[in-house]
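J.:
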Amino acid sequence: MVDTPTTHIKQPISGEPEPKGWLGLAFILPGFLFILVLFLVPLAMTIWMSFYNWPLLGRKKFIGLANYSELLGDMQLWHSLGFTMLYTVLVTAAIFVVAFPLALLVDRPLRSAGFFRTIFFMPVVIGFGAASTLWMWLLNPDSGVFAQVLRGIGLISSAPRPLESFWPAMAVIILMVVWKTAGFTMVILLTGLQGISNDVIEAAKIDGASVFSRFRRITLPLMRNSLVLALVLNVTSSMLAFDQFFIITQGGPENSTISAVFSIYLASFSSYRLGYGSALSFALLIVLVAISAIQFVLLRERPEEG
Amino acid sequence: MARLELRNVVKSYGIYEAVRGINLDIEDNEFVVFVGPSGCGKSTTLRMIAGLEHITGGDIVIGDQVVNRLGPGKRDIAMVFQNYALYPHMSVRENISFCLEQQKLPKAEIDERISRAAETLHITELLSRRPGQLSGGQRQRVAMGRAIVRNPKVFLFDEPLSNLDAKLRVQMRTEIKRLHQLLPTTTVYVTHDQVEAMTMADRVVVMNGGIIEQAGPPQELYHHPVSQFVAGFIGSPSMNFLTAMLEAEGDGLVVILEDGSRLAVPATRFQEYRAHAGKPVIFGIRPESISSLTQKPGFETIEANVDLVEPLGPETMIYFDIGSVSMCANVDPESDPRPRTKMPLSFNMNRMHLFDPVGGRSLSV
Amino acid sequence: MARLELRNVVKSYGIYEAVRGINLDIEDNEFVVFVGPSGCGKSTTLRMIAGLEHITGGDIVIGDQVVNRLGPGKRDIAMVFQNYALYPHMSVRENISFCLEQQKLPKAEIDERISRAAETLHITELLSRRPGQLSGGQRQRVAMGRAIVRNPKVFLFDEPLSNLDAKLRVQMRTEIKRLHQLLPTTTVYVTHDQVEAMTMADRVVVMNGGIIEQAGPPQELYHHPVSQFVAGFIGSPSMNFLTAMLEAEGDGLVVILEDGSRLAVPATRFQEYRAHAGKPVIFGIRPESISSLTQKPGFETIEANVDLVEPLGPETMIYFDIGSVSMCANVDPESDPRPRTKMPLSFNMNRMHLFDPVGGRSLSV
Amino acid sequence: MTQTKTNTNSRGGQTGYLLFLLVSILFAIFFIMPIVWSLANSFKPAAEALANPAALFSKTFSLENYRRLENVGAGWYVYAANSVMIAIGTVLLTVIVSVPAGYGFSKFKFPGQSILFVLIMATMMIPFQSILTPLFLILKLLGLQNSLVGLVLIYVTFQLPFSVFMMRNAFDAVPKALIEAARIDGASQATILRRIMLPIALPGVATVAMFAFLNSWNEFLAALIFLSDQNKFTLPIMLVNVSSGLYGIIDWGALQAGIAVTMIPCIILFLLLQRYYVRGLTAGAVK
Amino acid sequence: EEITLWVRTSSGAVLQGLAEKYNASHSDKVNVTQITAEQMVPKLGAAVAGGAAPDGAVLDLIYLPTFAANDSLEDISDFVKGLPYSAALSPSHIRLATYDGKVYGVPALPDASIIAYNTDLFKKAGLDPEKAPASLEEIAADAKKIHALDKETYGFYFVANSGSWLIYDFLPHLWAANADVLSDDGRTATVDTPAMRDTIAAYRDMWKEGAIHPTSRSGNGNNAVEAFASGKVGILMTGSYIVNLLTSKYPDVKFAVAPIPGPKGGASSFAGGDTVALIKGISEEKKKVALDFVKFYMEPEQQVYITQESGMPSRTDLAKEAYAKFDPRNLIAYDILAKARTPYTFSSDELFVSRTGPFLNLIQGTIFGDDVDGSIKKAQDDFTKILDRTNP
Ligand SMILES: Nc1ncnc2c1ncn2[C@@H]1O[C@H](COP(=O)(O)OP(=O)(O)OP(=O)(O)O)[C@@H](O)[C@H]1O
Ligand SMILES: Nc1ncnc2c1ncn2[C@@H]1O[C@H](COP(=O)(O)OP(=O)(O)OP(=O)(O)O)[C@@H](O)[C@H]1O
Ligand SMILES: [Mg+2]
Ligand SMILES: [Mg+2]
């Protein structure tokens, strides 16, 4: 047996040999084509267009950095950027203030907790468009629910018109966004909470830590990843807010609630200054990339997992 | 350093009674190991002692104080968890100092205590690392450090070794034991591994279905199990059990196995079992009480069909059937057993056990 | 059913050589166990046999065919993975039939083969369940079923038992062994647990750092390790090692330990070691070769300070120091050792080993 | 392990539970009532809705609002059909493209892979509002402006980063050993993807599909800009058109009906598949 | 032969109806494609640039100069001038459709801005419901009186947060006083005029007194009619369609309409609505069909239909016939159409329509803000800057 000659088979690798890397590339290619044609190319075009005076009708004209220098002096733009930042800070804070208690509330192994989780999450699946129109109705002073309910319980005598001045308008928008998105943040925070091993909490109990000190020294630091993720998602989407301002406040009162994306929309699709709109887009893009970069640095320093 | 007393402690989850009334006195500095199959209530008992679970009934006394209503931070106990439960975001030093900070001890005292504990456990050079950067054994030591730094009255361990690999397990086992000899403290240690229980305990408590089956020093449990459950649980490989009849034969007693083999009970043990003559019994014998052919008093020999042979180096396990039951014997490798051969095997009847087929109580008096 | 031959097989990952030239002939139906420390290249070797990794150099022959360039599906092998790698979304039946479907066997044949395999493994009533609904042992059996149903030429196992708890591990170990006796097939089994290796193998292959240290039947490895590595790896607890001097004394030889103790080498072993007289050596002795005071030829007695005692029931481990080295001995419980007492211990010098301090080769010829 | 988190039989347990219920119900009212009010009002006749919008049950149940919605533009069912087609197209294409891409990223290694991945992920960071204009020009170039197909392509593109990320994580979670087992069983690459990987990654696929559905169903800015023929509008555009009124009058009733038509499919889908949705969301997110 | 017409959605129904009538009686076909109102210009612009344009479009007349200047439209001067009723076409529509002396469009659906006032409230406030306010100052006085009736009742409603509404309702005040914000050729800004300051003063007065409905400030027009119909608004700045709308939808509301007065008197209106234009490069055959369609809807029978559906006929000479069956109040708007104007500019979007445009900022800043002079100056500067950039 030992000396039976063995046959060397000279054949290409058959069966299913270890798959080669290029096969992976082939799998990715269709997706990449989409990104290339409908994202990367338009992105490059945006930059290119920003160097032109590009009206919708008529001839485009290369004007170098003129759009950018105009942008620097565009008060409306700075105002809308400032407003967007303010909104981002406030709405993110508001969402966390609501979502964190919600997460703590539903973080228990009860059937009812699951039920409430579903309810709190429900508005998330409704589109921003539908949600905004829905709230437009709720808020409307003549036939809206809020006016009627508030009047009904005697809180106010005349119909509230929150959209007529800045802070009330901001407040109701934030209320609507919290309603619409707190459930989403809740779920992310919930994952963080559930990722904390019960043992660690119990160890802290045995170490004599009070409820407050357990929360501050154990729970919060261990939820870091979830917190940062929720922060990133909320900040990014708030910086890009558009629908709620377009539909509910329509930028008013006095153009005080025009967000950054809204002003891009206005420049490109209302004033039809495509070149200037592109310059705005590019500027916003840089702001966003900077913010994202900061957040990614935060994300990268992740604590060691036990 | 204190006694620990459980007085008729009960724990129910809804209608399910996880712990059904436990009484136990643990001496100052005693090392008690709770052992038992999964779900028997070991962890629950330990967690009630720690104060992590409310007790449904009974009293727990630490030192001279009934602690039923005291929070876990107030009971002056320390606990080492199965996964160590180290705080992953804190350095080793912070992990150890956390409980001292909660007690608002002065900084200097904290530092001093930490360095003492770290030296004892040889983890001084690990103090600035995070738990994620430690090996299993090192984590284990940090968890111990966190426990000893506060000089607790009672040490509690919940399966602290079950996540380690076999080699490390043996090593950490001796280390825990050594530490206990160095810093004697009342200790309750939970495991489901009977080898750990046997090697570490001053006293082993065998639990089953929420009650204590037997509590006593390891050798007592090994040699005098009060029930078939304890006999089967303690010892590895397990004791072999056969249904049998105990019959009087002349002056003596004989155990008649299913396959008709007759094994004479040594005269020294007549007294013990006489009352049960004529009844069905469970006959139990440990693999190490079965040897290759031995002609000594009290040894009874049968012919076995060897099924499978496992040479372990210093000893060899062989498997054979009696009736429908697979038996295991631990024989000298010199006897060179081979699978699928016949071989005479001798049962050391001085070491046999008889149990009641109903309820499993030991029949020895 | 086929021989399996590894001819100078090499595997590099970049510049790192994980397997550094392995030669091994495995007989038809032989059960070979690869054992070795973590990272020594066991899995890599097994995976090269399976065709899951390309080989960097050498040849692998299954039956009469060099299979280097054949995909894993074409090699006619079956493999059982550490976590079983059962398809979680398929029922047990589908898991087992998957490979047969890939071979496009007729439906009737598939059914027949499945029911035969299921009967062999007693999993007939599990066929319609999903893997998630099975216990660890049952999953293990299904994985075996998936392997045997195709009648492979070679069976490969990669640490199939390491995720099971101790009791189940012992049980499944005998079951695999029994299955091999029932359906003899060339088998390569990888583990890092030397007990598994010793109990299951026809031949044990000890790997270390990408090469084969020693290959041979279990008892040969136990009694005649070719190196300190193998000696330390095989046997539990491990062999004790001490640095020592081998000196000629009159006609005989004597081992002089660090602490000055002198242990005479039995006359029967002069021949073996004479050439090394006057040199430093590593003296090795297994715990089971150290006993309580024994006055037999070839036994040498020293006085030991007992440090720690672990009663295991049938035997008792004691720990003591010689010089700076902690030693372990396995003594009869009857001798009733107590910690922190002095006790005479006898070394069975007939069973001693000597190794070269440089390179660790055994000095016996 | 989480079992021990609550002590239902502890002293504070009962009151704690009641407190939990109370607070939860208060929050639940906040979250659910806007939806309930909207639905309730969509079935009220105009007069009653105006008189008492907060009432949950109207004296008369009326489908009048929905009937009026038929007169909005081409009729709501045309818009609903467009939305359905767009959503289905987006879901299918997203799945077809992102599943292999996720597989490629997860189970293969090739040079340049991480750069490709970053490029795809970057799409998430950049508002597509900011490249609307060039997109518009490119679609025109492709002859796909004012076409549902063009819109689907845009949606798929902006759905891709998340989907690829999800699918990569989903495939990462499939143990390598399973693939190897299948290879030993003689399965081909295609068989492995189809019979082993996909079924196991199914929750991930479901999540991706659901997000694709919801996002394409609800999106309105791109739809507004890229669709011009009113027979091609989607539900959100219809909503915005209804809500921007004509000659200074908003038909609130029709708007409610429109909101209901837009919202209910999303809610039903969510309730049916919420297990996948939430699990997939968190699995993908926290990685 | 078939032609395609793009129509903004707000006019879609009428044009659709006309096309159906036409198709029923002719062998040629007119296909109407409805485009969202806000999308009409970008769509059409892109389509023209991309060579995928329709044959014709029915678009807001204020965009005519832009498209014409851009050489996108087909010259139909001969056709328009050759129409027997060419003199009876809305002058403002023709002016806007004229660029460089050539005419590029025919009015389709004109309308005009007017005011509507609630006669019941007038009576209650002791005002004469038969006599419409003749000047903006009178309006302000009336509005204050009406507001004095009740805290929740307001004297005046205008849509202040929408550029297109503001040019529609606010500019006529200036025109009535013979002022304008743009020069005649549309190339120079003339924001700071006494008429402008007077108008602003009147509005500020009302706002200070709380006589203006609060929604005016932030509203985009969606609630205007509803607010008026609720009987809580005395005077509403609106358009000619209001008569038919109120009589059909809110028959209980008692109201009258009047032209928009200047600050001290006079009257004017904004001529709004749609103009039909043909896209440059249309084939002769199609052009013939398109123009035939224009002739078709100019026929009296169709004019009645148009009046019924959209409030005002395209031909002024048919008013008597067209309005015979309708509320006579319609004639007020019709009469003013001859005096109505429309700003002629090549950048109406940037100047007027845009939410962030200078005109909207001017109104918001001067009427609701504090710094009237600053706002006016800024508007003048911004107008000039934009005109400099966009003048062809
Ligand atoms: N929170 C709980 N709610 C309901 N039943 C519980 C709870 N915690 C434990 N139990 C039940 O109580 C019994 C005892 O559990 P315990 O954890 O004490 O077992 P154990 O002996 O530690 O087992 P193991 O060796 O598996 O850790 C089990 O049947 C378990 O299912
Ligand atoms: N894909 C790879 N790339 C680079 N190095 C690898 C790769 N796979 C394995 N190695 C290295 O090859 C060596 C041998 O690995 P192998 O998995 O064969 O070890 P093993 O003996 O099976 O260990 P264990 O008992 O831990 O399973 C290790 O040092 C490992 O780090
Ligand atoms: Mg336990
Ligand atoms: Mg391995």
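Residue numbers (the working numbering), protein chains in the order written: chain P, 139 to 444; chain G, 7 to 371; chain E, 7 to 371; chain H, 1064 to 1350; chain Z, 513 to 904.
Virtual Cβ for every residue (Gly too), placed ideally from N, Cα, C.
In this text, all values refer to a predicted model and were calculated from it rather than measured experimentally.
How big is the Cα-Cα spacing for GLU2/E and THR205/G?
T.: Nothing can be reported for residue 2/E: it is not among the residues displayed for chain E, which extend from 7 to 371.
J.: When the Cα of GLY793/Z is compared with those of HIS538/Z, TYR534/Z and VAL560/Z, which residue comes out closest?
T.: Here residue 793/Z refers to the residue found at position 281 of the fifth sequence. Checking every option, the nearest Cα to that of GLY793/Z belongs to VAL560/Z.
J.: If you check the beta carbons only, do GLY1316/H and ALA1118/H fall under 8 Å apart?
T.: Along the fourth sequence, read from residue 1 onward, the residue named residue 1316/H stands at position 253. Along the fourth sequence, read from residue 1 onward, the residue named residue 1118/H stands at position 55. Cβ atoms of GLY1316/H and ALA1118/H: not closer than 8 Å.
J.: At a cut-off of 7 Å, would you count LYS48/E as near ligand 4, judging by its Cβ distance to the nearest heavy atom?
T.: Sequence index remark: in the third sequence, residue 48/E carries index 42 (1-based). The answer is yes for LYS48/E.
J.: Report whether the distance from the Cβ of ASP164/E to the nearest heavy atom of ligand 4 is below 7 Å.
T.: For the purposes of this step, residue 164/E is identified with residue 158 of the third sequence, where counting begins at 1. The answer is yes for ASP164/E.
J.: Consider the C-beta atom of SER18/G and the heavy atoms of ligand 1; say whether any pair is separated by less than 7 Å.
T.: In the second sequence, residue 18/G corresponds to position 12, counting from 1. No, ligand 1 has no heavy atom inside 7 Å of this Cβ.
J.: Is it true that the CB of THR878/Z sits closer than 8 Å to the CB of SER866/Z?
T.: The residue you call residue 866/Z lines up with position 354 of the fifth sequence. The residue you call residue 878/Z lines up with position 366 of the fifth sequence. No.
J.: Along the chain, where does the beta strand (DSSP E) that runs through HIS359/G open and close?
T.: Counting from one through the second sequence, the residue named residue 359/G turns up at place 353. Here the beta strand (DSSP E) through HIS359/G covers 359–361.
J.: Just to confirm, is the Cβ distance from GLY698/Z to THR857/Z under 8 Å?
T.: Stepping through the fifth sequence from its first residue, residue 698/Z is reached at position 186. Stepping through the fifth sequence from its first residue, residue 857/Z is reached at position 345. Yes, they are a contact pair.
J.: So, GLY304/E versus ALA237/E, is the Cβ gap smaller than 8 Å?
T.: Sequence index remark: in the third sequence, residue 304/E carries index 298 (1-based). Sequence index remark: in the third sequence, residue 237/E carries index 231 (1-based). No, Cβ-Cβ distance for GLY304/E and ALA237/E is not below 8 Å.
J.: CB-CB under 8 Å to ALA56/G, same chain, minus the five flanking residues each way: which ones, in chain order?
T.: Working through the second sequence from its first residue, we reach residue 56/G at position 50. Listed in chain order, the non-local C-beta contacts of ALA56/G below 8 Å within the same chain comprise PRO78, ARG81, ILE83, MET85 and LEU162, local neighbours out to five positions each way being set aside.
J.: Can you give the Cα-Cα distance for ILE1313/H and SER1306/H, rounded to whole angstroms?
T.: Position 250 of the fourth sequence, counted from the first residue, corresponds to residue 1313/H. Position 243 of the fourth sequence, counted from the first residue, corresponds to residue 1306/H. Looking at the two C-alpha atoms, the distance is approximately 6 Å.
J.: At least one CB of chain H closer than 8 Å to the CB of GLN908/Z: is that the case?
T.: Limits of chain Z in this structure are 513 at one end and 904 at the other, which puts residue 908/Z out of reach.
J.: Could I get the ranges of all uninterrupted beta strand (DSSP E) runs contained in the segment 317–345 of chain E, with 3 residues as the minimum, in chain order?
T.: Correct list: 322–328 and 331–337.
J.: Within 8 Å of any Cβ in chain Z, is that where the Cβ of GLY1249/H sits?
T.: Locating residue 1249/H in the fourth sequence gives position 186, counting from the first residue. With 8 Å as the cut-off, GLY1249/H does not count as an interface residue toward chain Z.
J.: Would you mind listing the alpha helix (DSSP H) stretches within the segment 663–745 of chain Z that are 4+ residues and don't spill past its ends, in chain order?
T.: 675–681, 683–688, 706–721, 727–730 and 736–741
J.: Comparing C-alpha positions only, which one of TYR279/E, LEU189/E and GLY241/E sits nearest to ASN35/E?
T.: To locate residue 35/E, count along the third sequence from 1; it is residue 29. Cα-wise, what sits closest to ASN35/E is LEU189/E.
J.: Starting from LYS17/G and walking both ways along the alpha helix (DSSP H), at which residues does that stretch end?
T.: Here residue 17/G is taken as the residue at index 11 of the second sequence, counted from 1. Premise fails: LYS17/G lies in the beta strand (DSSP E), 10–19, not in any alpha helix (DSSP H).
J.: Between GLY746/Z and ALA655/Z, which are expected to be in contact by the criterion C-beta below 8 Å, what is the C-beta distance as a whole number of angstroms?
T.: Here residue 746/Z corresponds to residue number 234 of the fifth sequence, with the count starting at 1. Here residue 655/Z corresponds to residue number 143 of the fifth sequence, with the count starting at 1. That belief holds up - the Cβ atoms of GLY746/Z and ALA655/Z are roughly 6 Å apart, short of 8 Å.
J.: Using beta carbons (cut-off 8 Å, strictly below), is TYR325/E in contact with chain G?
T.: Sequence index remark: in the third sequence, residue 325/E carries index 319 (1-based). Yes, contact with chain G.
J.: Would you list, in sequence order, the uninterrupted alpha helix (DSSP H) runs of no fewer than 4 residues that lie entirely inside the segment 1234–1309 of chain H?
T.: List check, alpha helix (DSSP H) in window: 1239–1247, 1265–1281, 1284–1289 and 1298–1306.
J.: Which residues, in order along the segment 272–294 of chain G, keep a beta-carbon less than 9 Å from a beta-carbon of chain B?
T.: In the structure shown, chain B does not exist; the protein chains are P, G, E, H and Z.
J.: For the beta strand (DSSP E) that contains ARG463/Z, what are its first and last residues?
T.: There is simply no residue 463/Z to check, as chain Z begins at 513 and stops at 904 in what is shown.
J.: Using a threshold of 7 Å, is the CB atom of TYR195/E nearer than that to any non-hydrogen atom of ligand 2?
T.: Position 189 of the third sequence, counting from 1, holds the residue named residue 195/E. Result no, Cβ not under 7 Å from ligand 2.
J.: Counting only C-beta atoms, is LEU318/G closer than 8 Å to chain E at any point?
T.: Stepping through the second sequence from its first residue, residue 318/G is reached at position 312. Output row for LEU318/G: interface = yes.
J.: Taking 8 Å as the cut-off, decide whether the C-beta atoms of ALA1286/H and ILE1300/H are in contact.
T.: Taking the first residue of the fourth sequence as position 1, residue 1286/H is located at position 223. Taking the first residue of the fourth sequence as position 1, residue 1300/H is located at position 237. Yes. Within cutoff.
J.: For a contact meaning CB atoms closer than 8 Å, what does GLN139/G contact in chain E?
T.: Position 133 of the second sequence, counted from the first residue, corresponds to residue 139/G. Ordered by position in chain E, no residue passes the 8 Å Cβ test against GLN139/G, which lies about 19 Å from the chain.
J.: THR868/Z and LEU209/P - do their beta-carbons sit closer together than 8 Å?
T.: Locating residue 209/P in the first sequence gives position 71, counting from the first residue. Locating residue 868/Z in the fifth sequence gives position 356, counting from the first residue. Not a contact, by the Cβ cut-off of 8 Å.
J.: According to DSSP, simplified to helix, strand and coil, what is GLU118/G?
T.: Along the second sequence, read from residue 1 onward, the residue named residue 118/G stands at position 112. GLU118/G falls in the helix class under three-state DSSP.
J.: Could you tell me the alpha carbon to alpha carbon distance between THR819/Z and ASP894/Z, rounded to whole angstroms?
T.: Walking along the fifth sequence from the start, residue 819/Z turns up at place 307. Walking along the fifth sequence from the start, residue 894/Z turns up at place 382. If I take the Cα positions, the gap works out to 39 Å.
J.: To the nearest angstrom, how far is the alpha carbon of ARG357/G from that of VAL16/G?
T.: As a first step, residue 357/G must be located in the second sequence, where it is residue number 351. As a first step, residue 16/G must be located in the second sequence, where it is residue number 10. Answer to the nearest angstrom: the Cα atoms are 36 Å apart.
J.: I want to verify the contact list: residues of chain E whose CB lies under 7 Å from the CB of ARG184/G, in sequence order.
T.: In the second sequence, residue 184/G corresponds to position 178, counting from 1. For ARG184/G, the chain E residues whose Cβ falls inside 7 Å of its Cβ are LEU314, in order along the chain.
J.: So with CB distances below 7 Å, who are the chain P contacts of CYS105/G?
T.: On the second sequence, position 99 is the one that residue 105/G refers to. Simply ASP345 and GLY346.
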